[in-house]
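Comments concern the structure below.
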Amino acid sequence: MVQNPVLPRHIAAQYSPGIFSLNSNGLIQKGFRRQRNFVTRNKVTVIRAVAIPVQPAPVESAEYRKQLAEDYGFRQIGESLPDDVTLKDVINSLPKEVFEIDDVKAWKSVLISVTSCALGIFLISKAPWYLLPLVWAWTGTAITGFFVIGHDCAHKSFSSNKLVEDIVGTLAFMPLIYPYEPWRFKHDRHHAKTNMLKTTCIMHCTRHNGNIHVMDKILLFLYHGLFTRSKQTYT
Numbered sequence: 061m062v063q064n065p066v067l068p069r070h071i072a073a074q075y076s077p078g079i080f081s082l083n084s085n086g087l088i089q090k091g092f093r094r095q096r097n098f099v100t101r102n103k104v105t106v107i108r109a110v111a112i113p114v115q116p117a118p119v120e121s122a123e124y125r126k127q128l129a130e131d132y133g134f135r136q137i138g139e140s141l142p143d144d145v146t147l148k149d150v151i152n153s154l155p156k157e158v159f160e161i162d163d164v165k166a167w168k169s170v171l172i173s174v175t176s177c178a179l180g181i182f183l184i185s186k187a188p189w190y191l192l193p194l195v196w197a198w199t200g201t202a203i204t205g206f207f208v209i210g211h212d213c214a215h216k217s218f219s220s221n222k223l224v225e226d227i228v229g230t231l232a233f234m235p236l237i238y239p240y241e242p243w244r245f246k247h248d249r250h251h252a253k254t255n256m257l258k259t260t261c262i263m264h265c266t267r268h269n270g271n272i273h274v275m276d277k278i279l280l281f282l283y284h285g286l287f288t289r290s291k292q293t294y295t
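Pasting the structure below:
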């Protein structure tokens with residue numbers, strides 16, 4: 061905030077309203093026909109600004125996490141990662157096999173996906189009408205294999221050759237009618253904000269208000285049951 065300078069009475073009585081600006085020489089009035097400098101009697105004082113670091117927010121309590129989980133419809137929300145645990149510590153805790161690229165396994169997955177999808181398209185053209193739902197389910201499941209391949213290419217875990225990964229990822233996403241490169245950038249942002257409810261770019265959670273359609277409840281029940289069973293199988 062700039063305070064009004066102390067001006068001599070005879071000068072203060074003569075100036076008319078106009079546009080003012082402040083510089084090192086004092087206050088300058090800029091009217092429509094004239095410009096007059098008003099030099100203050102007081103010495104200009106320079107105020108030094110000091111940056112004070114903002115203290116981080118305290119660790120969220122268990123009661124707050126419980127209430128937040130109830131609002132968003134989750135079972136629970138875990139605690140924040142301790143400050144003494146780094147990403148390097150997490151990486152070192154994993155077996156070395158998970159970081160090894162197996163070219164044979166990678167191209168085997170491509171062969172399985174292409175063969176399964178081609179077989180599904182052939183069966184769609186030959187199968188009778190009453191078998192079409194089964195063939196559709198088969199072909200749709202086979203097409204998801206292309207997404208898995210493109211996903212591995214985006215994570216740079218498909219091949220040691222990065223050009224090969226870009227080509228294979230682009231070709232794998234073509235049957236899905238989805239651009240590979242924009243999705244790869246967005247997926248990288250997603251992993252940079254993993255499990256951050258308010259900043260992730262994949263989904264934006266809304267607070268539960270109880271007004272859920274019955275079909276949505278059925279789909280959530282089926283999906284949750286399938287996910288829980290598959291998780292128990294792999295663990």
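In case it helps, my numbering puts the sequence shown at residues 61 to 295. Cβ coordinates follow ideal geometry from the N, Cα and C atoms, glycine included.
(1) Is it a yes or a no for the stretch 181-190 touching the stretch 148-160, going by three-plus beta-carbon pairs under 8 angstroms?
(2) Which residue comes first and which comes last in the alpha helix (DSSP H) that contains residue 221?
(3) Leaving out the 5 sequence neighbours to the left and right, which residues in its chain are closer than 8 angstroms to residue 235 when beta-carbon positions are compared?
(4) Over the uninterrupted alpha helix (DSSP H) stretch that includes residue 195, give me the two end residues.
(5) Compare the Cα-Cα distances from residue 173 to each of 217, 231, 157 and 141 and report the closest residue.
(6) Looking at the unbroken alpha helix (DSSP H) that takes in residue 241, where does it start and where does it end?
(7) Span of the alpha helix (DSSP H) holding residue 146?
(8) Alpha carbon to alpha carbon, what distance is there between residue 218 and residue 165?
(9) Report buried or exposed for residue 200, applying the criterion of at least 16 other Cβ atoms within 10 angstroms of its Cβ.
(10) Among 221, 124 and 143, which one has its Cα closest to the Cα of residue 137?
(11) Could you check if residue 272 is buried or exposed, using at least 16 other CB atoms within 10 Å of its CB as the buried criterion?
(12) Does the separation of the CB atoms of residue 167 and residue 180 fall below 8 angstroms?
(13) Name the two residues that bound the continuous alpha helix (DSSP H) containing residue 180.
(14) Taking Cβ positions, are residue 210 and residue 233 nearer each other than 8 angstroms?
(15) Could you give the C-beta distance for residue 229 and residue 214, rounded to a whole number, given that I count them as a contact under 8 angstroms?
(16) Starting from the Cα of residue 163, find the closest Cα among 144, 189, 224 and 275 and give me that residue.
(17) Comparing C-alpha positions only, which one of 277, 254, 282 and 221 sits nearest to residue 141?
Concretely, from the data shown:
(1) Under the three-pair Cβ rule at 8 angstroms, the stretch 181-190 does not count as touching the stretch 148-160.
(2) Working through the sequence shown from its first residue, we reach residue 221 at position 161. Looking at the DSSP string, residue 221 is not in any alpha helix (DSSP H), and its letter there is neither H nor E.
(3) Numbered from its first residue, the sequence shown carries residue 235 at position 175. Counting only Cβ-Cβ distances below 8 angstroms, and skipping sequence neighbours, we find 177, 203 and 206.
(4) As a working mapping, residue 195 is identified with position 135 in the sequence shown. Under the DSSP assignment, residue 195 falls in the alpha helix (DSSP H) whose first and last residues are 192-214.
(5) By 1-based counting over the sequence shown, the position of residue 173 is 113. The shortest C-alpha separation from residue 173 is found at 231.
(6) The residue labelled residue 241 in the question sits at position 181 within the sequence shown. Per DSSP, residue 241 belongs to the alpha helix (DSSP H) from 240-252.
(7) Your numbering for residue 146 matches position 86 in the sequence shown. Looking at the DSSP string, residue 146 is not in any alpha helix (DSSP H), and its letter there is neither H nor E.
(8) Your numbering for residue 165 matches position 105 in the sequence shown. Your numbering for residue 218 matches position 158 in the sequence shown. A direct Cα-Cα distance of roughly 9 angstroms separates residue 165 from residue 218.
(9) Here the question's residue 200 lines up with position 140 in the sequence shown. Its Cβ having fewer than 16 others within 10 Å, residue 200 is exposed.
(10) As a working note, residue 137 is residue 77 in the sequence shown. Answer by Cα proximity: 124.
(11) The residue you call residue 272 lines up with position 212 of the sequence shown. Residue 272 should be labelled exposed.
(12) In the sequence shown, counting from the first residue as 1, residue 167 sits at position 107. In the sequence shown, counting from the first residue as 1, residue 180 sits at position 120. Not a contact, by the Cβ cut-off of 8 angstroms.
(13) Translated into positions along the sequence shown, residue 180 becomes position 120. Per DSSP, the unbroken alpha helix (DSSP H) holding residue 180 starts and ends at 163-186.
(14) On the sequence shown, residue 210 is found 150 positions in, with the first residue counted as 1. On the sequence shown, residue 233 is found 173 positions in, with the first residue counted as 1. Going by beta carbons, residue 210 and residue 233 fall inside the 8 angstroms limit.
(15) Stepping through the sequence shown from its first residue, residue 229 is reached at position 169. Stepping through the sequence shown from its first residue, residue 214 is reached at position 154. Correct: roughly 6 angstroms between the Cβ atoms.
(16) Working through the sequence shown from its first residue, we reach residue 163 at position 103. Here the closest residue by C-alpha is 224.
(17) Along the sequence shown, read from residue 1 onward, the residue named residue 141 stands at position 81. Of the listed residues, the one whose Cα sits closest to residue 141 is 254.
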